[in-house]
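J.: Let me give you the structure first, and then I'll get to my questions.
2 protein chains.
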Amino acid sequence: MRLSRRLRQERTETELSGSQFSTLGWISTEGPLTIGRLAELERVTAPSMNRTVNCLVDAGYATRTASPDDGRKVIVSATEAGETIVLETRRRRDAWLAKRFAALTPAERETLAEATTILRRLTDQ
Amino acid sequence: MRLSRRLRQERTETELSGSQFSTLGWISTEGPLTIGRLAELERVTAPSMNRTVNCLVDAGYATRTASPDDGRKVIVSATEAGETIVLETRRRRDAWLAKRFAALTPAERETLAEATTILRRLTDQ
DNA sequence: TGTAACAAATTAGCCTTGCTAAAGATTCCA
DNA sequence: TGGAATCTTTAGCAAGGCTAATTTGTTACA
Numbered sequence: 001m002r003l004s005r006r007l008r009q010e011r012t013e014t015e016l017s018g019s020q021f022s023t024l025g026w027i028s029t030e031g032p033l034t035i036g037r038l039a040e041l042e043r044v045t046a047p048s049m050n051r052t053v054n055c056l057v058d059a060g061y062a063t064r065t066a067s068p069d070d071g072r073k074v075i076v077s078a079t080e081a082g083e084t085i086v087l088e089t090r091r092r093r094d095a096w097l098a099k100r101f102a103a104l105t106p107a108e109r110e111t112l113a114e115a116t117t118i119l120r121r122l123t124d125q
Numbered sequence: 001m002r003l004s005r006r007l008r009q010e011r012t013e014t015e016l017s018g019s020q021f022s023t024l025g026w027i028s029t030e031g032p033l034t035i036g037r038l039a040e041l042e043r044v045t046a047p048s049m050n051r052t053v054n055c056l057v058d059a060g061y062a063t064r065t066a067s068p069d070d071g072r073k074v075i076v077s078a079t080e081a082g083e084t085i086v087l088e089t090r091r092r093r094d095a096w097l098a099k100r101f102a103a104l105t106p107a108e109r110e111t112l113a114e115a116t117t118i119l120r121r122l123t124d125q
C-alpha cells in the first residue's frame, strides 16, 4: 500500500490513474476483453469496472462493441491512442523505478521478480 | 494493488479499514506519535492523516493529547482497546495469509521476506 | 412456442480516503 | 514585539471501491 502511494506521487497530471492504466494494460496486451472478464482480472465488481471503462472510452483510449455471439456482453478494445499511451506511460513510469532499480544488485532484482510470481499465485487462488 | 484488493475481501465488517489499521499499528508498536509523523510514515498528507486519526479516536482506539513541549503538535496514543484490536485483527488476518503461506516452501517465504526489505528501502528513498 | 429463470451490463447512490486550499494555533527569531 | 514559519484542523473536491436495482439478452423447459 505504501509503495503504491509512493508511486502515485510520481504520476503526472495528464496520466491515467492506477486502475485505468492497469485495465488498459490488460486489453493492450491480452487483446479485447469483456467487462466481466476485466472485473475478474482486476478483482473488482462489474459496476466498478464499468465506470473505469467509461473513463477510458471518454478519454478516447478504448471502445465498446457488442459481442457478436452474445448480445449481453460488451467487448472492450484499446484504440490506437490507447496502445500508444500504454507504451508511453510504461516508459515514463519505468524511468522512476529504473533509477531505483539501478541501485539494486542483480540478486536483489531477481528476488523481486520471484516475489512477484509468488504473490501472483497467492492472489489467484 | 490487486493483492490489497484481495486482502480487503477477507476483512469482516467490524474490522478497521486498511489505513486505519496500519496507522493504529504504528502507534501500537512505535509508541505515541504526532499527526505529522504518522502522515510521513503512511506517505499521506497531514489532513488525510488527521481524518484517519479522527476515526480512530471516535472508535475509542486512540487518544489525542497536546504535546507538552510544543503546543502546535498533537500526540496520538493507542488506548487499551486499540492495543487489543491490533493484536486480534493481526491474528485474524494472519489466518488467511497463513493458510496460503503454509502452501509455500521455506525458500519462497524467505524470498518474500527479502522482497519486503528491498521494497521498503525503495519507498523510503 | 411461450415463459420463467438466468446472466451481463448498466444506473443510481453511498462510503472511504486520497488531495488542495485556507484558516487557526503556536513557536521562533530578528 | 511583530512577522514568518510550523503544525493541526476544517472545508470541499475527486477517484474509485461497494451494493441494490434495472435493463437487456439468452437459455431451458413445460
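Chains A and B are the protein sequences, given in the same order.
Under full-length UniProt numbering, the letters of the first sequence match residues 1 to 125, in that order.
Under full-length UniProt numbering, the letters of the second sequence match residues 1 to 125, in that order.
No residue lacks a Cβ here, since even glycine has one placed at the ideal position from N, Cα and C.
Computed from a predicted structure; not experimentally measured.
If you check the beta carbons only, do residue 111 (chain A) and residue 115 (chain B) fall under 8 Å apart?
T.: Against a cut-off of 8 Å, the Cβ pair of residue 115 (chain B) and residue 111 (chain A) comes out as a contact.
J.: Suppose contacts are defined by Cβ-Cβ distances below 8 Å. Is residue 53 (chain B) in contact with residue 76 (chain B) by that definition?
T.: Yes.
J.: Terminal residues of the continuous alpha helix (DSSP H) containing residue 39 (chain B)?
T.: Run containing residue 39 (chain B): 35-42, per the alpha helix (DSSP H) assignment.
J.: Once DSSP output is grouped into helix, strand and coil, what is the label at residue 28 (chain A)?
T.: In this structure, residue 28 (chain A) counts as helix in the three-state DSSP scheme.
J.: Verify whether the separation of the beta carbon atoms of residue 1 (chain A) and residue 18 (chain B) is less than 8 Å.
T.: Yes.
J.: Whole angstroms are fine: how far does the CA of residue 10 (chain B) sit from the CA of residue 56 (chain A)?
T.: Going from the Cα of residue 56 (chain A) to the Cα of residue 10 (chain B) covers about 29 Å.
J.: Excluding the five sequence neighbours on either side, which residues of its own chain have a C-beta within less than 6 Å of the C-beta of residue 82 (chain A), listed in chain order?
T.: Same-chain partners within the cutoff: 24, 61 and 62.
J.: Using three-state DSSP, classify residue 77 (chain B) as helix, strand or coil.
T.: Note: residue 77 (chain B) maps to strand in three-state DSSP.
J.: What residue does the beta strand (DSSP E) around residue 51 (chain B) start on, and which one ends it?
T.: It is not in any beta strand (DSSP E) - residue 51 (chain B) instead sits in the alpha helix (DSSP H) that spans 46-58.
J.: Name, in chain order, the residues that DSSP records as bridge partners for residue 123 (chain B).
T.: Note: residue 123 (chain B) sits in no beta bridge, so no partner.
J.: State yes or no: is the beta carbon of residue 118 (chain B) nearer than 8 Å to at least one beta carbon in chain A?
T.: It does; some Cβ of chain A falls within 8 Å.
J.: State the start and end residues of the unbroken alpha helix (DSSP H) segment that holds residue 5 (chain B).
T.: Taken as a continuous stretch (DSSP letters only), the alpha helix (DSSP H) holding residue 5 (chain B) covers 2-9.
J.: With a 10 Å radius around its C-beta and 16 neighbouring C-beta atoms as the bar for buried, classify residue 66 (chain A) as buried or exposed.
T.: Flag for residue 66 (chain A) reads exposed.
J.: Anything in chain A within Cβ reach of residue 3 (chain B), meaning under 8 Å, just list it in chain order.
T.: Under the 8 Å cutoff, chain A gives 119, 122 and 123.
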